[in-house]
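*Asks:* Sequence order for the protein chains is W and G.
Residues in the first sequence are numbered from 227 upward in steps of one, following my numbering.
Residues in the second sequence are numbered from 26 upward in steps of one, following my numbering.
The C-beta atom is built at its ideal place from N, Cα and C for all residues, glycine as well.
First the structure, then my questions, so here it is.
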Amino acid sequence: ETGVTQTPRHLVMGMTNKKSLKCEQHLGHNAMYWYKQSAKKPLELMFVYSLEERVENNSVPSRFSPECPNSSHLFLHLHTLQPEDSALYLCASSQGWGRSQETQYFGPGTRLLVL
Amino acid sequence: DAKTTQPPSMDCAEGRAANLPCNHSTISGNEYVYWYRQIHSQGPQYIIHGLKNNETNEMASLIITEDRKSSTLILPHATLRDTAVYYCIVRVNTDKLIFGTGTRLQVFP
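See the structure below:
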């Protein structure tokens, strides 16, 4: 238990569906992250939020839309996804952003399957 | 951030020490060495990090060579639950964690 929770843990959706992934951190952190891990590939950073402002967007397609309403919650809104978007989506948080000693704590992930 | 090189896989007997090496020959003076692990289909778990001194916590020890070009993560008494992929990451003035392919550690009875 890292203090970072993600729901749902598993999600199956069609290409025309709209769904949202939720992340909540109970650590009092100010920075939150979305990562994607496709099968047999390393984790890839998608988005970073610091104090509810997006500070990093790693060329992620617009069918992925993040939202950070407050420092404890992070959402990833999904629409018109492709089968190749099937992956493990991981949320992480850290105390702050911009300092190299910040340790990131990860949630358990949401396993997404796009049909 | 500096690149790291790790062996793709290692085996270790339960109860023995697991020593996981990492080469980071291009590391610069202000880059930290971080270790995470990922048990199958779970989120990565932070283990330990260091700059130049050896570090120890309740999970592991980190030994960094004097020239800082390599390091070793030591799990002193490996258990079956330590079976995972272990990632060595170096980072400087950024919060980006750039994960490589890591070392798959298999602990056997």
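#1: How many whole angstroms separate the CB atoms of residue 95/G and residue 48/G, which I take to be in contact at a CB cut-off of 8 Å?
#2: Flag this pair as yes or no: are the beta carbons of residue 59/G and residue 329/W separated by less than 9 Å?
#3: Quick one: is residue 228/W near chain G, going by C-beta distance under 9 Å?
#4: Considering residue 247/W, what are the terminal residues of the beta strand (DSSP E) in which it resides?
#5: How far does the beta strand (DSSP E) with residue 262/W in it extend, from its first residue to its last?
#6: I'd like the list of long-range same chain contacts for residue 301/W, defined as Cβ closer than 6 Å, with 5 residues on each side in sequence excluded.
#7: Short of 8 Å in beta carbon distance, which residues of its chain neighbour residue 235/W, apart from the five on each side in sequence? Order them along the chain.
#8: Show which residues of chain W have a CB atom less than 9 Å away from the CB atom of residue 45/G.
#9: Hey, out of 339/W, 323/W, 341/W, whose CA is closest to residue 255/W's CA?
#10: Quick one: Cα of residue 237/W to Cα of residue 279/W, how far?
#11: Could you name the residues of the same chain whose beta carbon sits closer than 7 Å to that of residue 130/G, not counting the 5 residues immediately before and after it, in chain order?
#12: Looking only at its chain, what residues have a beta carbon closer than 7 Å to the beta carbon of residue 77/G, apart from the 5 residues adjacent to it on each side?
#13: Return no unless some Cβ of chain G is closer than 9 Å to the Cβ of residue 234/W.
#14: Since residue 230/W is in the beta strand (DSSP E), which residue starts that stretch and which ends it?
#15: List the residues of chain W that residue 111/G touches, going by C-beta distances under 9 Å, in chain order.
#16: Below 8 Å on the Cβ atoms is my contact criterion, and I expect residue 261/W with residue 316/W to pass it. Report the Cβ-Cβ distance as a whole number of Å.
#17: From which residue to which residue does the beta strand (DSSP E) around residue 36/G run?
#18: Just how far apart, CA to CA, sit residue 121/G and residue 271/W?
*Replies:* Looking at the coordinates:
#1: If you number the second sequence from 1, residue 95/G lands on position 70. If you number the second sequence from 1, residue 48/G lands on position 23. 5 Å between Cβ atoms; contact.
#2: Your numbering for residue 59/G matches position 34 in the second sequence. Your numbering for residue 329/W matches position 103 in the first sequence. Yes.
#3: Position 2 of the first sequence holds residue 228/W. Output row for residue 228/W: interface = yes.
#4: If you number the first sequence from 1, residue 247/W lands on position 21. Segment 244-251, the beta strand (DSSP E) holding residue 247/W.
#5: As a working note, residue 262/W is residue 36 in the first sequence. From DSSP, the beta strand (DSSP E) with residue 262/W extends over 257-263.
#6: As a position in the first sequence, residue 301/W is number 75, starting the count at 1. Around residue 301/W: 246, 248, 293.
#7: On the first sequence, residue 235/W is found 9 positions in, with the first residue counted as 1. Within the same chain, residue 235/W has close Cβ partners 334, 335, 336, 337.
#8: Residue mapping note: residue 45/G aligns to position 20 of the second sequence, counting from 1. Within 9 Å Cβ-Cβ: nothing; residue 45/G doesn't reach chain W, min ~17 Å.
#9: Taking the first sequence and counting its residues from 1, one reaches residue 255/W at position 29. Comparing Cα positions, the closest option is 323/W.
#10: Working through the first sequence from its first residue, we reach residue 237/W at position 11. Working through the first sequence from its first residue, we reach residue 279/W at position 53. When rounded, the distance between both Cα atoms is 27 Å.
#11: For the purposes of this step, residue 130/G is identified with residue 105 of the second sequence, where counting begins at 1. Counting only Cβ-Cβ distances below 7 Å, and skipping sequence neighbours, we find 35, 37, 43, 45, 107, 108, 109, 111.
#12: Indexing the second sequence from 1 puts residue 77/G at position 52. These residues qualify, in order along the chain: 89, 93.
#13: Position 8 of the first sequence, counted from the first residue, corresponds to residue 234/W. For residue 234/W, the answer is no, since every Cβ of chain G falls outside 9 Å of its Cβ.
#14: One-based indexing of the first sequence puts residue 230/W at position 4. Looking at the DSSP string, the run of the beta strand (DSSP E) that includes residue 230/W is 230-233.
#15: Position 86 of the second sequence, counting from 1, holds the residue named residue 111/G. In chain order: nothing, as chain W lies at least about 13 Å away.
#16: Taking the first sequence and counting its residues from 1, one reaches residue 261/W at position 35. Taking the first sequence and counting its residues from 1, one reaches residue 316/W at position 90. Going by Cβ atoms, the distance from residue 261/W to residue 316/W rounds to 4 Å, so yes, they are a contact pair.
#17: The residue you call residue 36/G lines up with position 11 of the second sequence. Looking at the DSSP string, the run of the beta strand (DSSP E) that includes residue 36/G is 34-38.
#18: Here residue 121/G refers to the residue found at position 96 when the second sequence is read from its first residue. Here residue 271/W refers to the residue found at position 45 when the first sequence is read from its first residue. Taking the straight line from one Cα to the other gives about 8 Å.
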